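FYI, the UniProt record's numbering numbers position 42 of the sequence shown as 42, with every residue one higher than the one before it. Single-structure report; data block below.
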Amino acid sequence: MNDPRALTASRPRVDLRDAIRIGMLLAAATLAVPILRELAEASMALQMLVLLPLMFACGWGLPAWLSTAREARLIMATRAYGLALQTFAALATSVWMVPLALDLSRIDGSINLAKYALVLGAGTAARFGCRGGSWPVTLFFGGNFAWMMVTAGVLYLEAERRLCGNFLLRDQQIAGAGLMAFGLLLGVAICLWAARRAAEH
Numbered sequence: 001m002n003d004p005r006a007l008t009a010s011r012p013r014v015d016l017r018d019a020i021r022i023g024m025l026l027a028a029a030t031l032a033v034p035i036l037r038e039l040a041e042a043s044m045a046l047q048m049l050v051l052l053p054l055m056f057a058c059g060w061g062l063p064a065w066l067s068t069a070r071e072a073r074l075i076m077a078t079r080a081y082g083l084a085l086q087t088f089a090a091l092a093t094s095v096w097m098v099p100l101a102l103d104l105s106r107i108d109g110s111i112n113l114a115k116y117a118l119v120l121g122a123g124t125a126a127r128f129g130c131r132g133g134s135w136p137v138t139l140f141f142g143g144n145f146a147w148m149m150v151t152a153g154v155l156y157l158e159a160e161r162r163l164c165g166n167f168l169l170r171d172q173q174i175a176g177a178g179l180m181a182f183g184l185l186l187g188v189a190i191c192l193w194a195a196r197r198a199a200e201h
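Below is the structure:
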């Protein structure tokens, strides 16, 4: 006979995976609409604060389409590559904070496609790297990435000229302020997560 407590404990996990799947479908449907995608790509702020985080979140949620057992096996199989996965995730995401990279993605379709593929892959790599790797490694990479976001945000916000030829100065300043806020929130979240993991060990 099944333990009712075990069944109850498993329900939130199933519901969470279903919610992630629904969210990914909605995100994919939104990105598939040319007008909405073009609107987001035309704004530096929308790209950095909405579009790219959304793609990263979709990549993070991709394993939700696998069964729990299959995902657990993949986590175990990639445990030894946690450092490499988190390195890839950090590099594949941070490159799109470079003004030249964003400019090139606006004028070259292949680079724009590579942008989506890299950020999507970065989200999946980060998920497996965090789930299978040690918490000090995640704290190191996450903390450095948060600091990079804040630093880039300050540069964008305080620049007196446009750093990207395809975006307005005001748009650049909004993106900078948003990156600073996101970076601070990410830094706090990672520190709290690391403190909890350290307490568990």
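Every residue, glycine too, gets a C-beta built ideally from N, C-alpha and C. Model, not experiment: these values are computed from the prediction.
Residue i to residue j span [Cα, whole Å]
{"i": "T93", "j": "I20", "result": "21 angstroms"}
{"i": "D18", "j": "A72", "result": "17 angstroms"}
{"i": "P53", "j": "K115", "result": "12 angstroms"}
{"i": "F88", "j": "A80", "result": "14 angstroms"}
{"i": "V154", "j": "Q47", "result": "17 angstroms"}
{"i": "Y156", "j": "I35", "result": "27 angstroms"}
{"i": "S105", "j": "V119", "result": "13 angstroms"}
{"i": "R197", "j": "V137", "result": "12 angstroms"}
{"i": "M1", "j": "R70", "result": "Low confidence applies here, because M1 scores a pLDDT of 46, under 50, leaving its location unreliable and the question unanswered by this model."}
{"i": "Q173", "j": "E158", "result": "7 angstroms"}
{"i": "A194", "j": "V33", "result": "38 angstroms"}
{"i": "residue 226", "j": "G143", "result": "Because the chain spans 1 through 201 in this model, residue 226 falls outside it and cannot be assessed."}
{"i": "A117", "j": "E160", "result": "32 angstroms"}
Same chain, Cβ closer than 6 angstroms to residue i, five either side skipped, listed in chain order
{"i": "F141", "result": "Q86, A90"}
{"i": "A101", "result": "V95"}
{"i": "A181", "result": "none"}
{"i": "D171", "result": "S43, M44, A45"}
Closest by C-alpha distance to residue i, when choosing among the options
{"i": "I22", "options": "A57, W96, A117", "result": "A57"}
{"i": "L192", "options": "L139, G178, L157, G153", "result": "L139"}
{"i": "D108", "options": "N166, L36, A69, L179", "result": "N166"}
{"i": "A45", "options": "L179, A194, A199", "result": "L179"}
{"i": "L66", "options": "T124, L83, I111, A27", "result": "T124"}
{"i": "G61", "options": "F145, N144, L26", "result": "L26"}
{"i": "M24", "options": "M55, R70, T68, E38", "result": "M55"}
{"i": "P63", "options": "S110, G121, E38", "result": "G121"}
{"i": "L31", "options": "L113, L168, C164", "result": "L113"}
{"i": "L163", "options": "G59, A28, V98, A29", "result": "V98"}
{"i": "A126", "options": "F145, I111, S110", "result": "F145"}
Close beta carbons around residue i, own chain, < 8 angstroms, minus the five adjacent residues each side
{"i": "V50", "result": "A40"}
Cβ pair residue i, residue j closer than 8 angstroms
{"i": "I75", "j": "R131", "result": "yes"}
{"i": "residue 240", "j": "G82", "result": "Missing from the structure shown is residue 240; the chain here goes from 1 to 201 and no further."}
Cβ-based neighbour list, residue i, same chain, cut-off 7 angstroms, excluding 5 preceding and 5 following
{"i": "T78", "result": "L85, F128, G132"}
Do the region 177-188 and the region 149-169 meet, that is, are 3 or more Cβ pairs less than 8 angstroms apart?
yes
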